[in-house]
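Notes for the one structure printed next.
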Amino acid sequence: MCFIMYLILFCFVLGLVAVASNPSPYFAALGLVVVAGMGWMLVVFAYSAALAAEPYPESSWVSVDELGEFSVFRGDAGGVALMYSSGGWMLIISGWVLLLTLFVVLELTRGLSRGALRAV
Numbered sequence: 001m002c003f004i005m006y007l008i009l010f011c012f013v014l015g016l017v018a019v020a021s022n023p024s025p026y027f028a029a030l031g032l033v034v035v036a037g038m039g040w041m042l043v044v045f046a047y048s049a050a051l052a053a054e055p056y057p058e059s060s061w062v063s064v065d066e067l068g069e070f071s072v073f074r075g076d077a078g079g080v081a082l083m084y085s086s087g088g089w090m091l092i093i094s095g096w097v098l099l100l101t102l103f104v105v106l107e108l109t110r111g112l113s114r115g116a117l118r119a120v
């Protein structure tokens, strides 16, 4: 199982390298297809491994908050709340940086041809 996971992750990284190096637009498109396919394979592999571990899962009707020491939901919700409260400014700055990066890339690739709005 570890070998399959390493193989899929290796193909994922190989696809990312194919997109980043971009020797030809065709290879970049192929790299995107490989990366997207490997991403879905990782998701499907994780779900199938989780289902194969226990074919007939059984659970109890006890709420997690009643057990005290096994409080999974509070830690998860607390992490998300902390990310949006203390790290809210970082999320806003990251969004603006991504938007600025988009405009810079669009201006760099536009060149002298005026993009899609050139005179006919």
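Just so it is clear: in the sequence shown, position 69 is 69 by this note's numbering, and no numbers are missing. Positions of the beta carbon are idealized from the N, C-alpha and C atoms, including for glycine.
Provide the residue span of the alpha helix (DSSP H) that contains residue i, from first to last.
i: Gly15; result: Cys2 to Ser21
Run through DSSP, which three-state label would residue i get?
i: Ser86; result: coil
Output the distance between the C-alpha atoms of residue i and residue j, rounded to the nearest integer angstrom.
i: Gly39; j: Phe12; result: 7 angstroms
i: Phe109; j: Thr101; result: Correcting the residue type first, residue 109 is Thr in the shown sequence and not Phe. Answer to the nearest angstrom: the Cα atoms are 12 angstroms apart.
i: Glu44; j: Ile4; result: The displayed chain sequence assigns Val, not Glu, to residue 44. Answer to the nearest angstrom: the Cα atoms are 12 angstroms apart.
i: Leu9; j: Leu98; result: 26 angstroms
i: Phe103; j: Tyr84; result: 26 angstroms
For residue i, collect the residues of the same chain with a Cβ closer than 6 angstroms to its Cβ; drop the 5 residues on either side in sequence, then sort them by chain order.
i: Val34; result: Gly15
Considering only residues of the same chain and omitting the five flanking positions on each side of residue i, which have a CB-CB separation below 7 angstroms?
i: Met41; result: Ile8
i: Ser21; result: none
With a threshold of 8 angstroms on Cβ separation, who are the neighbours of residue i within its own chain once the five nearest residues in sequence on each side are excluded?
i: Ala29; result: none
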